[in-house]
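Chemist:
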Amino acid sequence: MSTRDPSDLPPYAYVPGGPWPHPTASPRGHSWKARREEVPPVVGDDWASSWPYLRGVALFNAGYYWEAHEAWEGLWLVHGRRGPVAGTIQALIKLAAAGVKVRERQPAGVRTHASGAARLFEAARDMAGDHILGLDLRRWAAIARDVAVSPPEDAAPAGEAVSRVFSFRIEPGTAPQEGPRTVFDDAG
């Protein structure tokens with residue numbers, strides 16, 4: 001599995017406590033002994049050239065929330081875990097963690113992580129304005145708040161290898177693309 005190719009998706013989305021092996025800790029994991037590449041920072045707002053950012057977006061949109069978190073974590077660390085870019089990445093990580101909690105069927109965890117994501121999107125917006133990494137931070141804060149207020153449920157059968165639990169997609173440079181009507185279709 002390539003870490004740079006957004007279309008190269010693992011055979012399963014890891015969910016703690018689920019039937020699949022831990023991706024990196026188990027010899028049967030989909031990323032066992034995968035080489036960690038050096039992660040370059042996003043220069044300015046050139047998110048379109050950031051393979052770790054785009055990889056995380058592709059994983060998130062496909063329902064690989066744990067894997068998206070992992071893809072973005074190196075980028076968050078290389079940005080020093082502080083500042084508007086790091087805060088936006090951390091907000092995405094929290095939103096991915098909320099997706100994992102949906103898969104775990106833990107609505108309290110969904111609320112906690114989504115609320116944290118909303119606060120981080122708002123803090124990044126306060127520091128640097130409405131747009132970072134191709135995202136409208138005001139809109140993403142509203143989406144995260146709506147997830148916290150009304151956590152989605154995982155409609156996939158138990159044991160499903162991958163399940164998209166959010167009706168929205170992350171599409172940098174555009175407004176969020178949404179699926180079926182949700183409580184936040186009229187927000188923002």
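Residue 96 in the UniProt record's numbering sits at position 96 of the sequence shown, and the numbers go up by one each step.
For each residue, glycine too, the CB sits at the ideal point set by N, CA and C.
Here the structure is a predicted model, which is why all the values come from computation and not from measurement.
Does the separation of the CB atoms of residue 192 and Ala68 fall below 8 Å?
Modeler: Residue 192 lies beyond the residue range present for the chain, which begins at 1 and ends at 188; the question has no answer from this structure.
Chemist: Quick check on His131: does DSSP put it in helix, strand or coil?
Modeler: Taking the first residue of the sequence shown as position 1, residue 131 is located at position 131. Three-state DSSP puts His131 in a strand.
Chemist: When you compare the stretch 139-154 with the stretch 111-120, are there three or more beta-carbon pairs, one atom per stretch, that lie closer than 8 Å?
Modeler: Contact holds: three or more Cβ-Cβ distances are below 8 Å.
Chemist: Is the stretch 135-144 close to the stretch 86-104, with three or more CB pairs under 8 Å?
Modeler: yes
Chemist: So who's on the other strand from Asp8, going by DSSP bridges?
Modeler: One-based indexing of the sequence shown puts residue 8 at position 8. The partner list for Asp8 (beta bridge, DSSP) is empty, contrary to what the question assumes.
Chemist: Mind pulling the alpha helix (DSSP H) runs of 4 or more residues that sit fully within the stretch 76-137?
Modeler: Within the stretch 76-137, the complete alpha helix (DSSP H) segments of 4 residues or longer fall at 84-103 and 107-128, listed in chain order.
Chemist: Since Gly63 contacts Ala97 with CB under 8 Å, what's their CB separation in whole angstroms?
Modeler: By 1-based counting over the sequence shown, the position of residue 63 is 63. By 1-based counting over the sequence shown, the position of residue 97 is 97. At roughly 14 Å, the Cβ-Cβ gap does not stay under 8 Å, so Gly63 and Ala97 are not in contact.
Chemist: To the nearest angstrom, how far is the alpha carbon of Tyr99 from that of Val165?
Modeler: The sequence position of residue 99 within the sequence shown is 99, counting from 1. The sequence position of residue 165 within the sequence shown is 165, counting from 1. With the sequence shown as reference, residue 99 is identified as Gly, and Tyr is not the correct amino acid for it. In a straight line, the C-alpha of Gly99 is about 7 Å away from that of Val165.
Chemist: Is Ala145 helix, strand or coil by DSSP?
Modeler: Numbered from its first residue, the sequence shown carries residue 145 at position 145. The displayed chain sequence assigns Arg, not Ala, to residue 145. In this structure, Arg145 counts as helix in the three-state DSSP scheme.
Chemist: Measuring straight from C-alpha to C-alpha, what distance separates Asp46 and His131?
Modeler: Numbered from its first residue, the sequence shown carries residue 46 at position 46. Numbered from its first residue, the sequence shown carries residue 131 at position 131. Taking the straight line from one Cα to the other gives about 12 Å.
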